[in-house]
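Working notes for the structure below.
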Amino acid sequence: MQKIFIAIITLFSFTVAHSQIQKVELQASGLTCSMCSNSINKALNSLSFVESVTTDLNKNIFTVSIKPDMKPDLDAMKNKVEGAGFFVANLWAHANFNQLAVKNDAHVTVDDITFHFMDVKNQTLNGTQKIKLLDKNFVVAKEYKKMSKLTTMQCYESGYMDECCNVGRKTTKQRVYHVTIQG
Amino acid sequence: MRYIILCLLILTGFSVHAQELYIMSDPASNVPAKSIGIRVTNKLMPRPYDNGYSYRVLPEVMFGINKNFMIRGMAYASNMFQRGMQLEGGNIYTKYRFLSVDDLHSHFRMAAFGKVAISSNPLTMQHTRQHIIDGTPHPITNIYSSNEIELDGNHSGFNAGIVATQLVHKLAVSGTVAYTNRWENMNVPGVPGISRHAANYSLSAGYLLLPRVYKDYKQPNFNVYVDILGTNALDGKGYYLDVVPGIQFIFNSISRLDLAYRVQAAGSMERFNTSSWLLRYEYNFLNALMKKEK
Chain A
216 MQKIFIAIIT
226 LFSFTVAHSQ
236 IQKVELQASG
246 LTCSMCSNSI
256 NKALNSLSFV
266 ESVTTDLNKN
276 IFTVSIKPDM
286 KPDLDAMKNK
296 VEGAGFFVAN
306 LWAHANFNQL
316 AVKNDAHVTV
326 DDITFHFMDV
336 KNQTLNGTQK
346 IKLLDKNFVV
356 AKEYKKMSKL
366 TTMQCYESGY
376 MDECCNVGRK
386 TTKQRVYHVT
396 IQG
Chain B
71 MRYIILCLLI
81 LTGFSVHAQE
91 LYIMSDPASN
101 VPAKSIGIRV
111 TNKLMPRPYD
121 NGYSYRVLPE
131 VMFGINKNFM
141 IRGMAYASNM
151 FQRGMQLEGG
161 NIYTKYRFLS
171 VDDLHSHFRM
181 AAFGKVAISS
191 NPLTMQHTRQ
201 HIIDGTPHPI
211 TNIYSSNEIE
221 LDGNHSGFNA
231 GIVATQLVHK
241 LAVSGTVAYT
251 NRWENMNVPG
261 VPGISRHAAN
271 YSLSAGYLLL
281 PRVYKDYKQP
291 NFNVYVDILG
301 TNALDGKGYY
311 LDVVPGIQFI
321 FNSISRLDLA
331 YRVQAAGSME
341 RFNTSSWLLR
351 YEYNFLNALM
361 KKEK
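Residue numbers (our numbering), protein chains in the order written: chain A, 216 to 398; chain B, 71 to 364.
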């Protein structure tokens, strides 16, 4: 009986793959003064899922702590930076994974979030990983152009799932986050 | 790490704002969306008839509507044309950023701007002094006129132009070209022969002296600026080229204090004054126009 109980528990922990983003680092481009950084700092702090923001004023990197049990809206963060008059040059999310099998240039859905991993080896993700967002307007133009060569799937251009992958799904467009693993 | 910022001042002879923190003009960048800023500018201008100065105060309020569009309203009052301070009029300035290409250490931006101004000032300055001849005072009235179309107090009219700002490895270069057209001032008779329209251009540069390395938002920033401002009357009324050195303090990354001295380096245009001092304070309310999410 005990053996069956342990087996069931073990089965559960291996089949329920999930991810949780606790921290996001965002590097803004196009600014060089602390008053400019302050406008981004205040804009990010106004988002409901943000616990706190610390700034590296010399590198223009904003480290955003996400409130526990809340999901960050990365597009909303980018819109806040653009509203302040700047752009996102780099965004890294520190996410917890639990036995997530990922394949290069393929979709994987976890906790209702669809990721499209690019430029990675096929692997199983476990623990905290630093993933870099590669979507348009989350990287500088040069980097977007370079990354475009690594996939032929249309979703990288639009940020949304194309018809080829949308078989049998709901009709509302599904956002796809294109990411790579950063060390 | 050497942290060099070249914030460029674009001098168009008009008011100023921005992330590039210009004293005498506006950059191609915009103010943050949903922000409100307030400014008070003070100008001291030497009088042509004695060693005194005229004083003008110019309060402003600015709104960041969205990331590309801003609008700014200004009022002005001075004792330039009469004893005592008098409200002279106001203007509205708008700017639309239509291009922004950003890389990590560089950006190129362009914006179009326009200003519409009204002023109730006379077009000439009059001063009467008593000239003593054989013990008898004889009043002599001197009339001073100016062909410098000035839309921040002196004249009614409009101005429109394009500004481009290039930031490369912390060196920012800004250039402006604009066209200015003068209307008749409110409730005053026209004076024939005064310039009706002009072309304006400018080039600016700035440098962040302190802090050398940022520690936090509370550190005061100290910037130095130099602007070159040129105007050519389009109806043969002359030209001028002004140089404007300036210094700026930023407090708590939210407010700033500017001090600048403007002086003519070359020119043939008749003007009320060929130099002036400027002192301005600005405070920003970020997210002031935003609906609260939390």
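Idealized CB from N, CA, C, for every residue including glycine.
The beta-carbon of residue 257 of chain A is placed less than 8 Å from the nearest beta-carbon of chain B. The beta carbon of residue 349 of chain B sits closer than 6 Å to those of 112, 329, all from its chain and outside the five residues before and after it, given in chain order. In this structure, the beta-carbon distance from residue 217 of chain A to residue 305 of chain A does not fall below 8 Å. For residue 104 of chain B, the neighbours in chain A by C-beta distance under 8 Å run, in chain order, 298. In this structure, residue 91 of chain B and residue 236 of chain B do not form a Cβ contact; the two beta carbons are roughly 16 Å apart against a cut-off of 8 Å. Distance from residue 280 of chain A to residue 238 of chain A at the Cβ level is roughly 6 Å; contact confirmed, criterion being Cβ atoms closer than 8 Å. For residue 199 of chain B, the number of other beta carbons within 10 angstroms of its own is below 16, and it is reported as exposed. Bridge partners of residue 225 of chain B according to DSSP: none are assigned. Chain A has no Cβ within less than 8 Å of the Cβ of residue 150 of chain B.
The criterion of a C-beta distance shorter than 8 Å is satisfied by residue 396 of chain A and residue 344 of chain A.
Contact with chain B is absent for residue 353 of chain A, since none of that chain's Cβ atoms lies less than 8 Å from the residue's Cβ.
For residue 252 of chain A, the nearest CB of chain B lies under 8 Å from its own CB, placing it at the interface with that chain. Within the DSSP secondary-structure output, residue 261 of chain A pairs in no beta bridge. Straight across, the Cα-Cα distance linking residue 164 of chain B with residue 248 of chain B is about 14 Å. DSSP places residue 359 of chain A inside the alpha helix (DSSP H), whose first and last residues are 356 to 363. Neighbourhood of residue 287 of chain B in chain A, by CB distance below 8 Å: 249, 252, 253, 256, 270, 272, in chain order.
Between the segment 250 to 267 of chain A and the segment 255 to 270 of chain B there are fewer than three inter-stretch CB-CB distances shorter than 8 Å, so the stretches are not counted as touching.
The DSSP-derived three-state label of residue 298 of chain A is helix. Two segments are said to touch when three or more pairs of C-beta atoms, one from each, lie closer than 8 Å; by this definition the segment 180 to 196 of chain B touches the segment 153 to 172 of chain B. Counting only Cβ-Cβ distances below 7 Å, residue 316 of chain A has no contacts in chain B at all, with the closest Cβ about 33 Å away.
Interface criterion not met: the Cβ of residue 339 of chain B is under 8 Å from no Cβ in chain A.
Comparing alpha-carbon positions, the option among B:187, B:136, B:119, B:296 lying closest to residue 251 of chain B turns out to be B:187. When C-beta distances to chain B are compared with 8 Å, every residue of the segment 275 to 292 of chain A stays at or above that value.
Exposure of residue 356 of chain A is indicated by the presence of fewer than 16 other C-beta atoms within 10 angstroms of its C-beta. Fewer than three beta-carbon pairs drawn from the segment 203 to 220 of chain B and the segment 273 to 292 of chain B are found closer than 8 Å, and the two stretches are therefore not classed as touching. Around the Cβ of residue 102 of chain B, a 10 Å sphere holds 16 or more other Cβ atoms; the residue is buried. Residue 247 of chain B is bridged by DSSP to B:232, B:271. Around the beta carbon of residue 93 of chain B, 16 or more other beta carbons sit within 10 angstroms, so the residue counts as buried.
Under DSSP, the beta-bridge partners assigned to residue 156 of chain B are B:148.
Across the set A:392, A:245, A:219, the C-alpha of A:392 shows the shortest separation from the C-alpha of residue 323 of chain A.
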